[in-house]
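Numbering (the working numbering), first residue to last: 1 to 113. All residues carry an ideal CB built from backbone N, CA and C; glycine is no exception. First comes the structure, then the notes that go with it.
Quick look at the structure:
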């Protein structure tokens, strides 16, 4: 009977040890979950920062593109103006030459002028 009692006590101790082990695992699991949650929060915060930085970078690129496009359009307008002036000057030069040629011809027809 004494052996049976010791056996019962040993079984009860094994049950208590299993319960303590389960409780330890539960606590460790809880601590691990809390640690993972902290890491997840830190990652989410970093993602938020990176998203803000990416949005700012995109805005900066857009501003730079617009500025570059404006400068290109201004260059094109200036080139068009230069071309128009050049045409005007060529036309004026032709007109002057034609006028000079006409005067020269008139003088040759009327040498006494």
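Separation of residue 48 from residue 27, as counted between CA atoms: Counting from 1 along the chain shown, the entry for residue 27 is found at position 27. Counting from 1 along the chain shown, the entry for residue 48 is found at position 48. One C-alpha to the other measures close to 31 Å.
Could you compute how far the alpha carbon of residue 98 sits from the alpha carbon of residue 84? Position 98 of the chain shown holds residue 98. Position 84 of the chain shown holds residue 84. Cα to Cα, residue 98 sits roughly 21 Å from residue 84.
Start and end of the alpha helix (DSSP H) containing residue 1? On the chain shown, position 1 is the one that residue 1 refers to. Neither: residue 1 is in no alpha helix (DSSP H) and is coded neither H nor E.
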